[in-house]
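Structure, as structure tokens:
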Amino acid sequence: MTKKILDGLVSLNENSIRQIPIEYDIKKEKQDNGPISPIKIRREKRASSIGLWFIGIIVIVFLFFLFSILFSGAKVLVYPQKATLSLDEIISAVKNLNNKDAMQYEVMVIDKNASKSIKATGEEYVEESASGTITIFNNFDSKDQRLIKNTRFESAGGLTYRIKNSVVVPGIKKVDGKNIPGSVDVKVYANEPGEKYNIGLSDFTIPGFKGDPRFDKFYARSKTPITGGLIGNIKIVPEEDKQATIKQIHSEIEKEILNEARLQIPSDFILFDDLIKITFESLPNSNVNGDTVLISEKATLNGAIINKKELAKFIAKNKIDGFKDEDIEILNINDLKISIIDKNKNISKGEEIGLNIKGNATLVWLYNEEQLKLDLVDKNKKDINSVLSKYPGIKKAEVVVTPFWKSAFPSKPKNIKIERILE
76 MTKKILDGLV
86 SLNENSIRQI
96 PIEYDIKKEK
106 QDNGPISPIK
116 IRREKRASSI
126 GLWFIGIIVI
136 VFLFFLFSIL
146 FSGAKVLVYP
156 QKATLSLDEI
166 ISAVKNLNNK
176 DAMQYEVMVI
186 DKNASKSIKA
196 TGEEYVEESA
206 SGTITIFNNF
216 DSKDQRLIKN
226 TRFESAGGLT
236 YRIKNSVVVP
246 GIKKVDGKNI
256 PGSVDVKVYA
266 NEPGEKYNIG
276 LSDFTIPGFK
286 GDPRFDKFYA
296 RSKTPITGGL
306 IGNIKIVPEE
316 DKQATIKQIH
326 SEIEKEILNE
336 ARLQIPSDFI
346 LFDDLIKITF
356 ESLPNSNVNG
366 DTVLISEKAT
376 LNGAIINKKE
386 LAKFIAKNKI
396 DGFKDEDIEI
406 LNINDLKISI
416 IDKNKNISKG
426 EEIGLNIKGN
436 ATLVWLYNEE
446 QLKLDLVDKN
456 KKDINSVLSK
466 YPGIKKAEVV
476 VTPFWKSAFP
486 SKPKNIKIER
496 ILE
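Read the sequence shown against my numbering and you will find it ends at 498, with the numbers running on by one and no gaps.
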């Protein structure tokens, strides 16, 4: 019984996996790696940590310089000189640029035409002479030639026209070595009324020069067709209706021309309402068809415009002791009331005008911002006062340079920002 049980067991000494030898050369391991000690492990860890710290420091230094380059800049807060004046002054303004003791003004001129159609309910017999504009040429010599009143001009078709006033035709001029005839534009009128004198563009001779060497050298050419000649009945507008239409045209054209004037004012000039004069001129009416007449009007705006800085300087010279002609501006110039004392003065002819200026004016000194940037380039922050000594219009300045560790302004003007602070 006992023998059978033992026969069913596998022998532990024969073919057991536990009996397969594991070959491991401990001597070779020790020869290759040496003995493993705690000191060596600590050294290896320390070397690895130092390497990581070294790389980290390099990255930090790199980022430091990158930050310095990318975010370097300077901001300068400039506090300009200021003065507040209560004004109730009368000053003279002239158009004479040579008069340095007076305030200067310039004249803005704008023309605008407008028309309205109105029904013609009346009739009138008329005899109208045609008219148009021609250009007279002087290809005779370099001397000016005066043509007297009523000088005749003959068209290519043999029709005669005259000038109503004398005119001077300039002489020949040399331009780039070439002779250029002198010329002048003038309005001519048909010798007689009637539709036959209504013509298109044409050449003209001067009959009075026949037999004279000037005949072939003085001539004229149409600049516009010659029109308006008529004999007969035409439809007309009753005077009452005509005047009402003209008044309506004036009201509309006045608003339009004022808007145009304000849009065209140069940015450094100012136009005051009291320095504006608008005059109207009636243009020839024309029949649109048998029952309608076109009423046409022309408006001319003459506006005295004043340079803002020059006005500020003029006031400062007369009101501020020790003012030395620095650049200056009136911060609230639109709050001042400026009116013409004598509105009958003709500013279109440059007549001297008296201006009454009222209000509280805030004067602020100016400085050249771009030049200030150039003067600050690469300068040390502590040198700011020496730079500002060249700018009398600046009372003080505050400087912020980034990064905070930099002591000098950037080397490029674009990295310097100037901000004006009005206290």
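Here a beta-carbon is modelled for each residue, glycine too, at the ideal position from N, C-alpha and C.
- In this structure the stretch 464-481 touches the stretch 151-159; the number of beta carbon pairs closer than 8 Å is three or more.
- Cα atoms of Ala231 and Asp260: separation of roughly 19 Å, rounded to the nearest angstrom.
- In the pairwise beta carbon analysis, the stretch 190-200 is classified as not touching the stretch 401-417: fewer than three pairs are separated by under 8 Å.
- Note that the stretch 445-458 does not touch the stretch 382-402; fewer than 3 beta-carbon pairs, one per stretch, sit closer than 8 Å.
- Per DSSP, reduced to three states, the secondary structure at Ser326 is helical.
- Within the stretch 376-436, the complete beta strand (DSSP E) segments at least 3 residues long are 403-405 and 412-415, listed from N- to C-terminus.
- Listed in chain order, the non-local C-beta contacts of Ala336 below 6 Å within the same chain comprise Ile185, Leu376 and Gly378, local neighbours out to five positions each way being set aside.
- Within the DSSP secondary-structure output, Gln179 pairs in a beta bridge with Val169.
- Nearest C-alpha to Phe215 among Phe293, Ser297, Thr235 and Leu162: Phe293.
- Under the rule that a run must span 4 or more residues, the alpha helix (DSSP H) segments found entirely inside the stretch 427-494 read 444-451 and 459-463.
- Using a Cβ distance threshold of 8 Å, Met178 and Ser167 count as a contacting pair.
- Per DSSP, the unbroken beta strand (DSSP E) holding Ser297 starts and ends at Phe293 to Ser297.
- Around Ile422, the same chain offers Val182, Asn377 and Ala379 as residues with beta carbons nearer than 6 Å, after the five sequence neighbours per side are excluded.
- One alpha carbon belongs to Ile381, the other to Ile345, and they sit about 6 Å apart.
- Here the C-alpha atom of Ser192 lies approximately 36 Å from the C-alpha atom of Pro341.
- The beta carbon of Glu164 lies closer than 7 Å to those of Ile432 in the same chain, with the five residues before and after it left out.
- With the rule of 3 Cβ pairs closer than 8 Å, the stretch 213-228 counts as touching the stretch 248-259.
- Contact between the stretch 286-301 and the stretch 203-210 is present: 3 or more CB-CB pairs across the two stretches fall below 8 Å.
- For the 8 Å CB-CB criterion, Glu427 and Val169 form a contact.
- Using a Cβ-Cβ distance cut-off of 8 Å, the stretch 265-283 and the stretch 232-243 are in contact, since at least three pairs of beta carbons, one from each stretch, lie closer than that value.
- Relative to Glu314, the option among Gly307, Asn308 and Lys322 whose CA is nearest is Lys322.
- Annotation: Thr226 is outside any beta strand (DSSP E) and is labelled neither H nor E by DSSP.
- Using a 10 angstroms sphere on the CB of Ser486, the tally of other CB atoms stays under 16, which defines it as exposed.
- Boundaries of the beta strand (DSSP E) around Lys310: Leu305 to Ile311.
- Of the candidates Lys352, Val312, Asp343 and Lys424, the residue whose Cα lies closest to the Cα of Lys330 is Lys352.
- Nearest to Asp348 by C-alpha distance, out of Asn460, Asn409 and Lys249, is Asn409.
- Restricting attention to Tyr442, Phe279, Phe228 and Trp480, the CA atom closest to the CA of Val462 is found in Tyr442.
- Ranked by Cα distance from Thr159, the options Ile395, Asp291 and Ile496 are led by Ile395.
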